[in-house]
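Just below is one structure, and these are the notes that go with it.
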Amino acid sequence: MLKKIFAIVICLVIAYAAWGVDPGVEDVLNKIATNQSLIKDMQADVITVIKAEMKEKKESRQKGKIWVKGDDKSKMEMIEPVKQVTITSGDKMAMIDPATGQKFVQDLKKLREKNGQVDLGQGSKTMDKKKMYDFFNLKLVKSSGKQIIIEGNPKKANKFLGKVNFYVDTDRYLPVKIEIYNPTGGVVSTSDIEYAKINNIWVISKSVSEVKLPGGKMKAEMRFENIKVNEGISDSVFKID
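In the working numbering, the protein residues as written are 672 to 912.
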């Protein structure tokens with residue numbers, strides 16, 4: 672799902688060195704954070720198409736709705752082909768069967784630690800600045816034309832993750848592509864992100880991700896329609912307990 676994209680005063684260069692952050696990166700992340708701070712909440716209809724290219728090619732389509740609020744709240748309600756509700760609030764995630772009311776709750780922090788996953792923010796907060804600083808040593812590896820590439824290397828050894836490249840559009844200061852590498856330098860997944868301007872605010876309108884799997888690959892396209900921004904979604908929408 673969303674599976675969910677990230678203004679500090681410029682400090683002395685020596686301070687950046689201590690944080691593992693390139694001064695140029697700090698400026699870019701500040702501008703991304705400024706854009707993201709405009710989005711208090713968001714809701715939309717979601718259409719997802721998943722194509723698996725393994726021994727046999729398979730395609731599935733899903734329809735649903737999504738609600739996102741702040742840095743750590745999201746709700747995904749799947750309508751077709753099966754009904755299911757997934758709610759994330761902080762480090763808790765609940766999967767609910769609407770037909771039976773059965774609920775399964777997971778601790779996302781423990782799950783990420785177990786699987787070596789990276790929490791870079793969700794919804795409108797992809798490339799959340801604090802989470803980027805906590806997890807990565809960051810540096811600017813390329814700046815040309817209207818695009819900047821920021822490279823993130825895990826501060827702690829990770830058997831699943833080598834590095835992550837973040838491509839940033841410098842006209843709008845939005846992340847438009849994310850590449851994730853394994854420790855041996857191979858690309859594990861790529862995600863391309865598109866945006867729409869709603870109420871003069873840039874919000875995600877489409878993402879296309881491709882993941883390499885043993886014996887093939889999987890491509891997931893997620894399209895957002897009927898997008899609404901800053902309409903005051905109640906916290907009760909994301910209630911788990």
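Yeah, the Cβ is synthetic: ideal placement off N, Cα and C, and Gly gets one too.
- Message: Rounded to whole angstroms, what is the Cα-Cα separation between N836 and I849?
- Response: Distance between the alpha carbons of N836 and I849: 6 Å.
- Per DSSP, which residues does L709 bridge with? Please list them. According to DSSP, residue pairing for L709 in a beta bridge does not occur.
- Message: Please classify S795 as buried or exposed, where buried requires at least 16 neighbouring CB atoms within 10 angstroms.
- Response: With a pLDDT of 45 at S795, under the threshold of 50, the modelled position of that residue is not reliable, and no figure is offered here.
- Task: State the start and end residues of the unbroken beta strand (DSSP E) segment that holds E727.
- Result: For E727, there is no enclosing beta strand (DSSP E), as DSSP marks it with neither H nor E.
- Three-state class that DSSP yields for Y844 in the structure shown: In the three-state DSSP reduction, Y844 falls in the coil class, being neither helix nor strand.
- Query: Cα separation between N701 and L709?
  - Reply: Spanning the two alpha carbons is a distance of roughly 13 Å.
- Query: Considering only residues of the same chain and omitting the five flanking positions on each side of T841, which have a CB-CB separation below 6 Å?
  - Reply: So the qualifying residues of the chain are K817, I819.
- Would S878 count as contacting chain C if we go by Cβ distances under 8 Å? Considering every chain present, this structure includes no chain C. It has just one protein chain.
- Measure the Cβ-Cβ separation of E892 and V879 and say whether it is below 8 Å. A contact, by the Cβ cut-off of 8 Å.
- Message: Only counting the same chain, and skipping five residues up and downstream in sequence, which positions put a Cβ closer than 6 Å to that of V882?
- Response: Answer for V882: S860, M889, listed in chain order.
- Task: Determine the DSSP secondary structure at I819, reduced to helix, strand or coil.
- Result: In this structure, DSSP gives I819 an extended state, which the three-state scheme calls strand.
- Message: Check for me: the beta strand (DSSP E) holding S905 runs from which residue to which?
- Response: Counting along the chain, S905 falls outside any beta strand (DSSP E), and DSSP gives it neither H nor E.
- Query: In this structure, what does DSSP give as the bridge partners for T759?
  - Reply: Under DSSP, T759 shares a beta bridge with S745, M764.
- Using a threshold of 8 Å, state whether the C-beta atoms of S766 and L779 are closer than that. Per the sequence shown, residue 766 should be read as Met rather than Ser. Using a Cβ distance threshold of 8 Å, M766 and L779 do not count as a contacting pair.
- Counting Cβ pairs, one atom from each stretch, are 3 or more of them under 8 Å apart for the region 731-742 and the region 713-722? Taking a cut-off of 8 Å on C-beta distances, the region 731-742 touches the region 713-722, as three or more cross pairs fall below it.
- Item | Alpha-carbon spacing of V839 relative to P846, whole angstroms | Near 4 Å, if we compare the C-alpha coordinates of P846 and V839.
- Using CA coordinates, which residue listed in G887, P854, L811, M749 is at the minimum distance from F831? From the listed residues G887, P854, L811, M749, the smallest Cα separation to F831 is found for P854.
- When the Cα of K744 is compared with those of K877, V753, I758, which residue comes out closest? With distances taken between Cα atoms, K744 lies closest to I758.
- Query: Given S731, which residues of its chain have a CB within under 6 Å of its CB, disregarding the five upstream and five downstream residues?
  - Reply: Answer for S731: I721, listed in chain order.
- Task: With a 10 Å radius around its C-beta and 16 neighbouring C-beta atoms as the bar for buried, classify L884 as buried or exposed.
- Result: L884 should be labelled exposed.
- Task: Quick one: grab the DSSP three-state call for D778.
- Result: Correct three-state label for D778: strand.
- Would you report the Cα separation of A867 and V717, rounded to the nearest angstrom? Near 14 Å, if we compare the C-alpha coordinates of V717 and A867.
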